[in-house]
Amino acid sequence: MAAPSAGSRSALQPKEQMAADRGRRMLRGCGMHPDHQEALKKNRVVLAKELLLSELLEHLLERDIITLEMREHIQAKTGSFGQNVELLNLLPKRGPQAFDAFCVALRETKQSHLEELLLRTLSGLQPVVPPS
1 MAAPSAGSRS ALQPKEQMAA DRGRRMLRGC GMHPDHQEAL KKNRVVLAKE
51 LLLSELLEHL LERDIITLEM REHIQAKTGS FGQNVELLNL LPKRGPQAFD
101 AFCVALRETK QSHLEELLLR TLSGLQPVVP PS
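At the far end of the sequence shown sits residue 132, using full-length UniProt numbering, and the numbering has no gaps.
Here you go:
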């Protein structure tokens, strides 16, 4: 009896792996454009040091970029640097509209210098072709 169940377990593993791969592909398709991810990554330290989150989070919440739970999770982090890092970790996973909404929120919260930094970085990047 032990051998068939061990065999059936190994037969399930490829199916489970395929399902996991499908899930990752779906998330990738719903994520932020690679160029936008790269612009955030190249400016990560500056953003983590300089972002002022209180009003910014409300703008992102209003635009459905983050949820109430995400806002609470971000605010639970210690210190502004930790909170900013948490937001920067979440943003790339929040869909193709997240970068533009983030830029608008920066502008509306009088952090245009950070929006300009991101846009300058974006214009200097070699275009990244998203994986198909």
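Each residue gets a CB set at the ideal place from its N, CA and C atoms; glycine is no exception.
Of the residues assessed, THR109 falls on the buried side of the cut-off, its CB having 16 or more other CB atoms within 10 angstroms. For ARG63, there is no enclosing alpha helix (DSSP H), as DSSP marks it with neither H nor E. DSSP places GLY95 outside both helix and strand once states are collapsed to three, so it counts as coil.
Listed in chain order, the non-local C-beta contacts of ASN84 below 6 Å within the same chain comprise ALA48, LEU51, local neighbours out to five positions each way being set aside.
A contact is defined here as three or more CB-CB pairs under 8 Å, and the stretch 109–125 fails this definition with respect to the stretch 79–97. LEU57 has its alpha-carbon roughly 19 Å from the corresponding atom of VAL45.
Burial check for ALA39: the Cβ neighbour count within 10 Å reaches 16 or more, so the residue is buried.
In the structure shown, the three-state DSSP call for GLN126 is coil. ASP64 is the residue among HIS73, LEU125, GLU72, ASP64 whose C-alpha sits nearest the C-alpha of PRO96. Just so you know, the alpha carbons of HIS36 and ILE74 end up roughly 21 Å apart.
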